[in-house]
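K.L.:
Number of protein chains: 2
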Amino acid sequence: MGNWAKMGEKGRREVRLARAFLAAAAEPPAPALAGFVARHGACRTVEVILRGKAPPDVLAEVEARYEHVSAEQLLEATEAAGARLVVPEDPDWPGSAFENLAGAREVGLPEVAEPIALWVRGRADLTAVLDRAIAVVGARAASGYGEHVSAEFGHGLAKAGFTVVSGAAYGIDGAAHRGALAAGGRTVAFLACGVDIDYPAGHSRLLRAVAEQGAVVSEYPPGTEPRKHRFLVRNRLIAASGRATVVVEAGARSGAGNTANTADALGRPVLAVPGPVTSKNSVGCHGMVRSGRAVLVTSTEEVLEAVSPIGAPSAAEVSGAHRRTDGLHPHAQRLHDSLRGMAGASADELARDCGLPLGEVRALLPELELSGFAVRSDRGWSIAR
Amino acid sequence: MGNWAKMGEKGRREVRLARAFLAAAAEPPAPALAGFVARHGACRTVEVILRGKAPPDVLAEVEARYEHVSAEQLLEATEAAGARLVVPEDPDWPGSAFENLAGAREVGLPEVAEPIALWVRGRADLTAVLDRAIAVVGARAASGYGEHVSAEFGHGLAKAGFTVVSGAAYGIDGAAHRGALAAGGRTVAFLACGVDIDYPAGHSRLLRAVAEQGAVVSEYPPGTEPRKHRFLVRNRLIAASGRATVVVEAGARSGAGNTANTADALGRPVLAVPGPVTSKNSVGCHGMVRSGRAVLVTSTEEVLEAVSPIGAPSAAEVSGAHRRTDGLHPHAQRLHDSLRGMAGASADELARDCGLPLGEVRALLPELELSGFAVRSDRGWSIAR
Numbered sequence: 001m002g003n004w005a006k007m008g009e010k011g012r013r014e015v016r017l018a019r020a021f022l023a024a025a026a027e028p029p030a031p032a033l034a035g036f037v038a039r040h041g042a043c044r045t046v047e048v049i050l051r052g053k054a055p056p057d058v059l060a061e062v063e064a065r066y067e068h069v070s071a072e073q074l075l076e077a078t079e080a081a082g083a084r085l086v087v088p089e090d091p092d093w094p095g096s097a098f099e100n101l102a103g104a105r106e107v108g109l110p111e112v113a114e115p116i117a118l119w120v121r122g123r124a125d126l127t128a129v130l131d132r133a134i135a136v137v138g139a140r141a142a143s144g145y146g147e148h149v150s151a152e153f154g155h156g157l158a159k160a161g162f163t164v165v166s167g168a169a170y171g172i173d174g175a176a177h178r179g180a181l182a183a184g185g186r187t188v189a190f191l192a193c194g195v196d197i198d199y200p201a202g203h204s205r206l207l208r209a210v211a212e213q214g215a216v217v218s219e220y221p222p223g224t225e226p227r228k229h230r231f232l233v234r235n236r237l238i239a240a241s242g243r244a245t246v247v248v249e250a251g252a253r254s255g256a257g258n259t260a261n262t263a264d265a266l267g268r269p270v271l272a273v274p275g276p277v278t279s280k281n282s283v284g285c286h287g288m289v290r291s292g293r294a295v296l297v298t299s300t301e302e303v304l305e306a307v308s309p310i311g312a313p314s315a316a317e318v319s320g321a322h323r324r325t326d327g328l329h330p331h332a333q334r335l336h337d338s339l340r341g342m343a344g345a346s347a348d349e350l351a352r353d354c355g356l357p358l359g360e361v362r363a364l365l366p367e368l369e370l371s372g373f374a375v376r377s378d379r380g381w382s383i384a385r
Numbered sequence: 001m002g003n004w005a006k007m008g009e010k011g012r013r014e015v016r017l018a019r020a021f022l023a024a025a026a027e028p029p030a031p032a033l034a035g036f037v038a039r040h041g042a043c044r045t046v047e048v049i050l051r052g053k054a055p056p057d058v059l060a061e062v063e064a065r066y067e068h069v070s071a072e073q074l075l076e077a078t079e080a081a082g083a084r085l086v087v088p089e090d091p092d093w094p095g096s097a098f099e100n101l102a103g104a105r106e107v108g109l110p111e112v113a114e115p116i117a118l119w120v121r122g123r124a125d126l127t128a129v130l131d132r133a134i135a136v137v138g139a140r141a142a143s144g145y146g147e148h149v150s151a152e153f154g155h156g157l158a159k160a161g162f163t164v165v166s167g168a169a170y171g172i173d174g175a176a177h178r179g180a181l182a183a184g185g186r187t188v189a190f191l192a193c194g195v196d197i198d199y200p201a202g203h204s205r206l207l208r209a210v211a212e213q214g215a216v217v218s219e220y221p222p223g224t225e226p227r228k229h230r231f232l233v234r235n236r237l238i239a240a241s242g243r244a245t246v247v248v249e250a251g252a253r254s255g256a257g258n259t260a261n262t263a264d265a266l267g268r269p270v271l272a273v274p275g276p277v278t279s280k281n282s283v284g285c286h287g288m289v290r291s292g293r294a295v296l297v298t299s300t301e302e303v304l305e306a307v308s309p310i311g312a313p314s315a316a317e318v319s320g321a322h323r324r325t326d327g328l329h330p331h332a333q334r335l336h337d338s339l340r341g342m343a344g345a346s347a348d349e350l351a352r353d354c355g356l357p358l359g360e361v362r363a364l365l366p367e368l369e370l371s372g373f374a375v376r377s378d379r380g381w382s383i384a385r
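Order-wise, the sequence lines are chains A and B. Heads up, the first sequence is in UniProt numbering, so the first residue is 1 and it goes up one at a time. Heads up, the second sequence is in UniProt numbering, so the first residue is 1 and it goes up one at a time.
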């Protein structure tokens, strides 16, 4: 990114063409490609692919399409759609929103690989608009209660200066966007299709308004049709963009539940709005609260509380005041610090990282688990959130 | 209690007269009197009081009334009201329901002192009927939603073989009783007045039905009028009787919240039913869940889960399988065991109890607090529930 200014018009255009090519060649999420691009850059990746020298896992992600992609045509279609392409090398790439996706990919969560590029409708600076964002999501088949609450939350969060991120679907999503728009605030819609396609069709006016007061964003090139799986894949961008994800209404199995799980996996707070126990639309929200995956929230104020002092470090963090770990034995603290940096690590790897004898690490880990500082999974040890 | 059979008709009548006298002489809760009776027996306590030899704290609790009480007349009034007096020396005294009140009094929670005696309308054996009970409580000014859910819970819990305990008030209480009655199950109403007074008057038919299928119970002698503070005092009997307390609807400040706090203080699970965030009737329930005082429940099944295997010790308890404390250092375990037996203890007292050096106890306590095994309050250290 620092090289962008030095790159010159020609170099910038090349990177843009390369990113467009790669984004169109691979169906997201493309963890192998994303990893390769992160290491070698977009232009070099394209070169390697075109020369037939790509590693097998990268090739597997692009081989179905790359011979059919014309990056030049894509950029023309982008312009024709009144959209623009934003790439990680751009100054307004919302890096802070998506670097946790790259981090998660690196520690073995391939399903949340970072996007290769984003198509944007709307003039808002993406970095600025996603700097203080909260995701508000929920069921399409929402109740009147759910839509009312979603609009209230969208309104209240926008008034408080937060960008309301959602998926532009009927029901909860649409109400959240509308609430934010009504407050004169900013809102961003992530689509599961190209930004040139108004989906759902009934929301074309809403999408136009969102583009005017924020942005309509997609990692899918113009012309990409919505597909069922793309909604789930798209959800990770919503989860990653929000400092917290508020689930207003969700049935027992729902896309909103999927967004919430991703937010949780990324270490972002999941907040769930309760509703009548007689409503099937609130079953998912209540389940999240019961299982401890979500914190119950009943108002905008409680959402703001969860993302605390406008996202600034909390008072305790600033003053270095009391932390939960303060009472831990120094060795346990060291191990805890290693856990913080390494999700899904073995005792071996942790011992190496913190420099404590393996035997001691093996003894300390169950203690940290017991006291709620560490969690064990199939992938190994991680810090407890 | 073991002496009851040997006591003979005359002895039994004397104990009954003594208990009736004491219950009428002191306004509940009467912690000094309850403690004195627990140590010296009811007859001896009456003797001491009448001779003017009662300790000052006991005297303070009875002096306003004892000269005006006629135990004989009380027993006559009891019979006239179609009620009976049940005392701790009786075989059907629901000891297991109330011994935690005595325990709490002993460790310095005087506001939950055990009752001196109980007046009962209804033929049910109190021990049997309170053996498997769950409290269902909530706002008087309930919503239609709240009454519906309360009746559903009352019905479902009664069907599952649990006695539904509540306070016979309008709104949530009444609906819970009615649900249990409709299921042909058992239900118990604790009153804040004498059992000869139908309060609220509009519930006189309901109270008659409760007495027929369960019991109407009060620690207040016949003729005692309901008073505001008596509702709060009565709430501790509801909280103590239930293996769990379900709060169906509660405003920001409510009697149900008071019952929930008492249940919590007694170490009984508090379960709260969510509702629309737009309803002021659910504010209290949501607040309890947010603060961690209550677990969110949406169905009878989830309530039963919380009081799991029909109140039998859990599988883990039976098999001696993994416990949370298994990973603690042996000294920490010893201290933890002491905490279990001593609510509100000082480090000094704990050191004496577990036999560890005071310095070590002082070092271990914050560690146990940090890992969620101990809690510190104004009264001292207690085990974390």
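Glycine included, every Cβ here is placed at the ideal spot set by N, Cα and C.
With 8 Å as the C-beta to C-beta threshold (strictly closer), list the residues of the segment 271-282 of chain B near chain D in chain order.
P.N.:
In the displayed structure, chain D is absent; the protein chains listed are A and B.
K.L.:
Identify every run of the alpha helix (DSSP H) within the segment 34-78 of chain B, keeping only runs that are complete inside it and at least 4 residues long; order them along the chain.
P.N.:
Those alpha helix (DSSP H) runs which fall completely within the segment 34-78 of chain B and span 4+ residues are 42-50 and 56-62.
K.L.:
Are Leu157 (chain A) and Ala180 (chain A) closer than 9 Å when you measure CB to CB?
P.N.:
Residue mapping note: residue 157 (chain A) aligns to position 157 of the first sequence, counting from 1. Residue mapping note: residue 180 (chain A) aligns to position 180 of the first sequence, counting from 1. In contact: Leu157 (chain A) and Ala180 (chain A) (Cβ atoms closer than 9 Å).
K.L.:
Quick one: which chain A residues come within Cβ less than 9 Å of Arg290 (chain B)?
P.N.:
Translated into positions along the second sequence, residue 290 (chain B) becomes position 290. Residues of chain A passing the Cβ test: Val295, Leu296, Val297, Thr298 and Glu302.
K.L.:
Between Ala104 (chain B) and Pro110 (chain B), what straight-line distance do the alpha-carbon atoms span, to the nearest angstrom?
P.N.:
As a position in the second sequence, residue 104 (chain B) is number 104, starting the count at 1. As a position in the second sequence, residue 110 (chain B) is number 110, starting the count at 1. Whole-angstrom Cα-Cα distance: 7 Å.
K.L.:
Could you check the C-alpha separation between Met1 (chain A) and Ala20 (chain A) for me, to the nearest Å?
P.N.:
Reading the first sequence from its first residue, position 1 is the one you call residue 1 (chain A). Reading the first sequence from its first residue, position 20 is the one you call residue 20 (chain A). With a pLDDT of 44 at Met1 (chain A), under the threshold of 50, the modelled position of this residue cannot be trusted; read the value that follows with caution. So the two alpha carbons sit approximately 17 Å from each other.
K.L.:
With 7 Å as the C-beta to C-beta threshold (strictly closer), list the residues of the segment 236-260 of chain A near chain B in chain order.
P.N.:
Residues: none.
K.L.:
Would Met342 (chain B) pass as a contact of Ser382 (chain B) if the rule is Cβ separation under 9 Å?
P.N.:
Position 342 of the second sequence, counted from the start, is the residue given in the question as residue 342 (chain B). Position 382 of the second sequence, counted from the start, is the residue given in the question as residue 382 (chain B). Yes; because the gap between Cβ atoms is below 9 Å, this pair is in contact.
K.L.:
Quick one: which unbroken beta strand (DSSP E) runs of 3-plus residues sit fully inside the segment 167-196 of chain A? Chain order, please.
P.N.:
With a minimum length of 3 residues, the continuous beta strand (DSSP E) runs that stay inside the segment 167-196 of chain A are 187-190.
K.L.:
Please state whether the Cβ-Cβ distance between Ala272 (chain B) and Ala294 (chain B) is less than 9 Å.
P.N.:
Along the second sequence, read from residue 1 onward, the residue named residue 272 (chain B) stands at position 272. Along the second sequence, read from residue 1 onward, the residue named residue 294 (chain B) stands at position 294. Closer than 9 Å, so yes.
K.L.:
In the DSSP output, what is Ile238 (chain A) paired with across the bridge?
P.N.:
As a position in the first sequence, residue 238 (chain A) is number 238, starting the count at 1. Bridge partners of Ile238 (chain A): none, in fact.
K.L.:
Report the rounded CA-to-CA distance for Ala332 (chain A) versus Ala374 (chain A), giving the unit in angstroms.
P.N.:
For this step, residue 332 (chain A) is matched to residue 332 along the first sequence. For this step, residue 374 (chain A) is matched to residue 374 along the first sequence. Taking the straight line joining both Cα atoms gives about 11 Å.
K.L.:
Does the Cβ of Ala80 (chain B) have 16 or more other Cβ atoms within 10 Å, making it buried, or fewer, making it exposed?
P.N.:
Translated into positions along the second sequence, residue 80 (chain B) becomes position 80. So Ala80 (chain B) counts as exposed.
K.L.:
Could you tell me which chain A residues have their CB closer than 8 Å to the CB of Gly372 (chain B), listed as they occur along the chain?
P.N.:
For the purposes of this step, residue 372 (chain B) is identified with residue 372 of the second sequence, where counting begins at 1. Per Cβ cutoff of 8 Å: Ser371 and Gly372.
K.L.:
Of all the residues that make up the segment 32-62 of chain B, which are near chain A by a beta-carbon distance shorter than 9 Å?
P.N.:
Cβ contacts with chain A: none found.
K.L.:
With a threshold of 9 Å between beta-carbons, can Val136 (chain B) be considered close to chain A, or not?
P.N.:
Working through the second sequence from its first residue, we reach residue 136 (chain B) at position 136. So, not an interface residue.
K.L.:
Would you identify the three-state DSSP class for Leu356 (chain A), choosing helix, strand or coil?
P.N.:
Counting from 1 along the first sequence, the entry for residue 356 (chain A) is found at position 356. Three-state result, Leu356 (chain A): coil.
K.L.:
With distances taken from CA atoms, which of B:Pro29, B:Leu22 and B:Val15 is nearest Leu237 (chain B)?
P.N.:
Your numbering for residue 237 (chain B) matches position 237 in the second sequence. It is B:Pro29.
K.L.:
Please report whether the beta-carbon of Leu356 (chain A) lies at a distance below 9 Å from any beta-carbon of chain B.
P.N.:
Here the question's residue 356 (chain A) lines up with position 356 in the first sequence. No, no contact with chain B.
K.L.:
Please name the residue or residues paired with Ser218 (chain B) in a DSSP beta bridge.
P.N.:
Here residue 218 (chain B) corresponds to residue number 218 of the second sequence, with the count starting at 1. Bridge partners of Ser218 (chain B): B:Trp119.
K.L.:
Tell me, which residues are paired with Trp381 (chain B) by DSSP?
P.N.:
Stepping through the second sequence from its first residue, residue 381 (chain B) is reached at position 381. Answer is B:Ala345 and B:Arg376.
K.L.:
Which residues of the segment 147-163 of chain A have a Cβ closer than 8 Å to any Cβ of chain B? Give them in chain order.
P.N.:
So the close ones are His148 and Val149.
K.L.:
Would a check of beta-carbon distances place Pro328 (chain A) closer than 9 Å to chain B?
P.N.:
For the purposes of this step, residue 328 (chain A) is identified with residue 328 of the first sequence, where counting begins at 1. Before going further, note that residue 328 (chain A) is Leu rather than Pro in the sequence given. Chain B contact via Cβ: present.
K.L.:
Assign Ala272 (chain A) to one of three DSSP states: helix, strand, or coil.
P.N.:
Within the first sequence, residue 272 (chain A) is the residue found at index 272, counting from 1. It is a strand residue.
K.L.:
Assuming Ala256 (chain A) contacts Val137 (chain A) (C-beta within less than 8 Å), just tell me the rounded distance between them.
P.N.:
Looking up residue 256 (chain A) in the first sequence gives position 256. Looking up residue 137 (chain A) in the first sequence gives position 137. The Cβ separation is near 5 Å, so the contact holds.
K.L.:
To which residues of the same chain is Tyr199 (chain A) closer than 6 Å at the C-beta, ignoring the five residues directly before and after it?
P.N.:
Locating residue 199 (chain A) in the first sequence gives position 199, counting from the first residue. Correct list, in chain order: Cys193 and Pro226.
K.L.:
For chain A, is any of its Cβ atoms less than 9 Å away from the one on His286 (chain B)?
P.N.:
Taking the first residue of the second sequence as position 1, residue 286 (chain B) is located at position 286. With 9 Å as the cut-off, His286 (chain B) counts as an interface residue toward chain A.
K.L.:
Buried or exposed for Leu358 (chain B), please, with buried defined as at least 16 other CB atoms from any protein chain shown within 10 angstroms of its CB.
P.N.:
Locating residue 358 (chain B) in the second sequence gives position 358, where the first residue counts as 1. Leu358 (chain B) is exposed by the Cβ-count criterion.
K.L.:
If we call anything under 9 Å between Cβ atoms a contact, is Val69 (chain B) one with Gly41 (chain B)?
P.N.:
Position 69 of the second sequence holds residue 69 (chain B). Position 41 of the second sequence holds residue 41 (chain B). Taking 9 Å as the Cβ cut-off, Val69 (chain B) and Gly41 (chain B) do not qualify as a contacting pair.
K.L.:
List, in chain order, every chain B residue whose beta-carbon is nearer than 8 Å to that of Tyr145 (chain A).
P.N.:
For this step, residue 145 (chain A) is matched to residue 145 along the first sequence. The contacting residues are Pro276 and Thr278.
K.L.:
For the alpha helix (DSSP H) containing Arg105 (chain B), name the first residue and the last one.
P.N.:
Locating residue 105 (chain B) in the second sequence gives position 105, where the first residue counts as 1. Here the alpha helix (DSSP H) through Arg105 (chain B) covers Gly95 to Glu106.
K.L.:
On the DSSP bridge list, what partners appear for Leu296 (chain B)?
P.N.:
To locate residue 296 (chain B), count along the second sequence from 1; it is residue 296. Leu296 (chain B) is bridged to B:Ala272.
K.L.:
Quick one: what's Thr245 (chain B) bridged to in DSSP?
P.N.:
Reading the second sequence from its first residue, position 245 is the one you call residue 245 (chain B). Answer is B:Ala135 and B:Val270.
K.L.:
May I have the straight-line CA-CA distance separating Arg121 (chain B) from Ala142 (chain B), to the nearest angstrom?
P.N.:
As a position in the second sequence, residue 121 (chain B) is number 121, starting the count at 1. As a position in the second sequence, residue 142 (chain B) is number 142, starting the count at 1. About 27 Å.
K.L.:
Tell me the rounded alpha-carbon separation between Pro274 (chain A) and Ala71 (chain A).
P.N.:
The residue given as residue 274 (chain A) occupies position 274 in the first sequence. The residue given as residue 71 (chain A) occupies position 71 in the first sequence. The straight-line gap from Cα to Cα measures roughly 47 Å.
K.L.:
Only counting the same chain, and skipping five residues up and downstream in sequence, which positions put a Cβ closer than 6 Å to that of Ser96 (chain A)?
P.N.:
The count along the first sequence starts at 1 and reaches residue 96 (chain A) at position 96. There are no such residues.
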